[in-house]
Amino acid sequence: MKKSWILKAILPLLCPQLLLANQSYTLKDLEVLESQKSYKEYLSHALDIRPSKRGIHWQKMTRHMGSGLIQEMIKKGHFSEKSYLRIDELANWSIFRADEYFQLKRNQYASKYFKQCLENKWPKCTKGIRKFWNSSDKNPELGLDLAKLLQHHVLDKDLWEYAKATTSTEYGEFYCQRPFVQKIIVAHLGQFQEKLNDLKQEMDKWIHKDCWQQLEKPLRHSLSSGNPKARNFSYRLLGLRSKLTQGEKDLFLALYILEGPVVGKVFNLAWGTLKIIGQDYKRRDRLFGKLIQLDPLPGKVFGHPNIEKVKVVISFLHNNIPEYVDHYARTCINFYAGKGDFPNGNPTIECRDLLKHTVGKPWVDPGIQIRYSGLRKL
70 MKKSWILKAI LPLLCPQLLL ANQSYTLKDL EVLESQKSYK EYLSHALDIR PSKRGIHWQK
130 MTRHMGSGLI QEMIKKGHFS EKSYLRIDEL ANWSIFRADE YFQLKRNQYA SKYFKQCLEN
190 KWPKCTKGIR KFWNSSDKNP ELGLDLAKLL QHHVLDKDLW EYAKATTSTE YGEFYCQRPF
250 VQKIIVAHLG QFQEKLNDLK QEMDKWIHKD CWQQLEKPLR HSLSSGNPKA RNFSYRLLGL
310 RSKLTQGEKD LFLALYILEG PVVGKVFNLA WGTLKIIGQD YKRRDRLFGK LIQLDPLPGK
370 VFGHPNIEKV KVVISFLHNN IPEYVDHYAR TCINFYAGKG DFPNGNPTIE CRDLLKHTVG
430 KPWVDPGIQI RYSGLRKL
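Residue numbers (our numbering): 70 to 447.
Have a look at this one:
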């Protein structure tokens with residue numbers, strides 16, 4: 070008993086901070102801490118005040134000190150895991166869950182913290198970001214900030230959970246004009262491209278009409294892309310929304326024949342469509358005008374390894390859009406003769422294949438073949 074009494078007597082003298090830690094702070098104490106901007110100490114004792122006593126004055130002070138702590142950490146560059154977890158803990162307080170300003174500051178801190186986390190290759194950064202996002206207020210700008218941080222660490226399709234908050238509302242017009250967001254949308258929808266019903270449902274669910282308006286232009290541009298996957302998928306998306314003009318359909322199907330592959334349902338559709346175009350001069354002329362604007366000129370089919378198939382295609386093109394075969398061959402000759410302006414180099418990459426396959430055939434002007442033979446000797 071005597072030893073216990075002595076210990077109780079001297080302990081406060083040896084460890085005064087221990088005694089203080091066990092003491093509850095009063096509202097007056099908190100007022101002093103607020104005036105001193107002692108954020109950490111204030112928040113360590115803010116809950117000392119009994120729930121029934123946490124009136125408007127306490128709420129105002131606590132909100133101020135909560136956002137102040139985060140602002141101070143950002144200003145001083147305190148982006149340690151310990152600091153992040155402390156803010157994460159505060160975010161679960163009922164007073165801060167409904168505090169938009171606190172959540173805004175929390176989001177700012179988290180973006181900077183996770184940027185440092187990824188740059189320094191700290192463990193479990195991507196999991197931490199996902200956990201933070203799931204507990205956040207799902208602010209669209211925050212989602213994009215996190216997606217940008219992750220873009221070099223995960224696949225584009227895995228960024229969708231952070232970007233989808235930007236695409237499904239009337240604010241989609243603002244967000245969906247950004248190439249970064251467009252890239253994420255296409256990557257996500259690409260997972261459904263083999264199942265048209267699922268693709269349409271996903272588009273209807275997540276792509277608001279205002280967002281779609283911003284997507285149309287880049288998708289239309291992709292219809293003449295040298296990337297067949299991008300071209301085919303853009304055609305499919307625009308078709309599902311009934312946004313393809315006849316001219317765009319004609320161009321896509323002509324490119325399908327000119328660029329390959331030379332098999333499949335779409336190829337058969339393209340073949341039949343080009344036959345119809347061949348009988349309609351105005352429609353054919355519009356298609357020809359679009360084809361010759363492309364650089365390089367489409368013609369991968371001329372270099373296909375199956376020579377017999379290539380000759381069948383060249384003959385078909387000669388019968389239905391002869392202007393294009395002639396233009397391709399003449400452009401090739403002009404390039405090798407040094408006539409004209411070709412800023413991107415040879416626009417007729419498969420020219421040699423075309424002229425080789427047309428020797429002795431009526432598909433290319435004999436004069437072009439003679440000029441080509443002469444240029445080869447130079």
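Think of the CB as a built atom: it goes at the ideal place given N, C-alpha and C, for glycine as much as any other residue.
Of the residues R310, K318, C186, W275, the one placed nearest L292, counting alpha carbons only: K318
Ordered list of alpha helix (DSSP H) runs contained in the segment 317–404, each at least 4 residues: 334–347, 350–360, 376–389
Between I326 and P435, what straight-line distance do the alpha-carbon atoms span, to the nearest angstrom? 25 Å
Could you name the residues of the same chain whose beta carbon sits closer than 8 Å to that of E110, not counting the 5 residues immediately before and after it, in chain order? L102
W162 by DSSP, collapsed to three states: which one? coil
Sequence-distant residues of the same chain with beta carbon closer than 7 Å to R310, five excluded per side: W281
Give the straight-line distance between the Cα atoms of T27 and H277, rounded to the nearest whole angstrom. Outside the shown range of the chain (70 to 447) lies residue 27, about which nothing can therefore be said.
List in chain order: all unbroken alpha helix (DSSP H) runs of 4+ residues lying wholly within the segment 114–183. 125–145, 150–159, 163–166
D273 versus D267: straight-line alpha-carbon distance, rounded: 10 Å
Alpha helix (DSSP H) containing W275: first to last residue? 265–275
To the nearest angstrom, report how far apart S303 and L338 are at their CA atoms. 17 Å
Around the C-beta of Q251, are 16 or more other C-beta atoms found within 10 angstroms, so that it is buried, or is it exposed? buried
The segment 146–162 / the segment 173–181 touching (three or more Cβ pairs under 8 Å): yes
For D157, the nearest candidate out of G124, N415, N203, I125 (CA to CA): N203
Proximity of T235 and G259 at Cβ, strictly below 8 Å: no
Helix, strand or coil for E419? Go by DSSP, reduced to three states. coil
Residues near L208 in its chain [Cβ-Cβ closer than 7 Å; skip 5 each side]: In the sequence on display, residue 208 carries Asn and not Leu. N176, listed in sequence order.
Coil, strand or helix - P435 by DSSP: helix
Rounded to whole angstroms, what is the Cα-Cα separation between V428 and G407? 23 Å
Please report how far the alpha carbon of S104 lies from the alpha carbon of K269, in whole angstroms. 58 Å
Excluding the 5 residues preceding and the 5 following H373 in the sequence, name in chain order all residues of the same chain whose CB lies nearer than 7 Å to its CB. G329, V331, V379
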